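Notes follow once the structure below has been shown.
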Amino acid sequence: MKVQTALLARYAEVEQQGGLLNVTGGGIDVFGVSRLPADFPVAFVLQLSFDDAEADQPHELAVTVLGPDLQPVGRRTTVPFTPTFGELHAEGWRGIFSVAGAIELTIEQIGAHSVQIDIDGKQAGGIPFRAVPADE
Amino acid sequence: MSHETDLKEMSTSRFNQLNLVVDVRKGEARVASGPQPERDFDALRRAQEVSGVTLLTHAS
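Protein chains in written order, with the working numbering: chain A, 744 to 879; chain B, 1245 to 1304.
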């Protein structure tokens, strides 16, 4: 299982029919904050690629936000999922499992952060971002 | 249907996608469906502004 795409965005969702992603303003990696702590939602996109052996098997996605000291900010959050190949899957292609929506973030310090993505207990990717003081 | 049941059903169904709200403050995730604020572009922006987030951009 590999993280093929991982983005923060202004808005993101997956179409229930067909699985296409609708993403607006993808690639956010700087947040200007006027006060701390800042609790807010931000849209995100993940595309996880899987192979034959990983299809139709239960897996666990875990999301953890790390602060400037590399310590978790908030709690590790897990989601079960079972990827499966679609009707139009071509032999030899890796499948894609798409996740989109919103992460309720807490920023407690100015500095570098990361949304760490673990799959089945192993670090599989991340989305780095920075919190900077906002001009009032 | 509870959010937990909803999430379990969605994540084990024959869909290859999830629309989620991941709350790392509570350590909880739930399926986002219907007219919820997190599926509304303007509501997301308003929630960010209320929290003092006035800039979202790309650094490099």
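Using N, Cα and C, we set each Cβ at its ideal position, and we do this for glycine too. Just so you know, these numbers come straight off a predicted model, no measurement behind them.
Whole-angstrom C-beta distance between residue j and residue i, which should lie under 8 Å
| i | j | result |
| --- | --- | --- |
| A/V785 | A/L751 | 5 Å |
| A/L791 | A/V746 | 6 Å |
| A/T820 | B/A1273 | 5 Å |
N- and C-terminal bounds of the beta strand (DSSP E) containing residue i
| i | result |
| --- | --- |
| A/F828 | Taken as a continuous stretch (DSSP letters only), A/F828 belongs to no beta strand (DSSP E), as it is neither H nor E. |
| A/L764 | 764-767 |
| A/L750 | 745-752 |
| A/G844 | 838-850 |
| A/R873 | 865-876 |
Contacts of residue i in chain B (Cβ-Cβ under 7 Å)
| i | result |
| --- | --- |
| A/R819 | G1271 |
| A/P826 | N1260 |
| A/S777 | G1296, T1298 |
Where residue i meets chain B, residues with beta-carbon distance less than 8 Å
| i | result |
| --- | --- |
| A/L848 | V1268 |
| A/A749 | Those do not exist, as A/A749 stays about 13 Å from chain B at its closest Cβ, beyond 8 Å. |
Residue i (DSSP reduced to helix, strand or coil)
| i | result |
| --- | --- |
| B/A1287 | helix |
| B/Q1292 | helix |
| A/D799 | coil |
| A/P784 | strand |
| A/D772 | coil |
Proximal residues of chain B, C-beta to C-beta of residue i below 9 Å
| i | result |
| --- | --- |
| A/R837 | Within chain B, no residue comes near A/R837; the closest Cβ sits about 12 Å away, beyond 9 Å. |
| A/T767 | F1285 |
| A/A833 | By Cβ distance, chain B contributes nothing, its closest Cβ being about 15 Å from A/A833, past 9 Å. |
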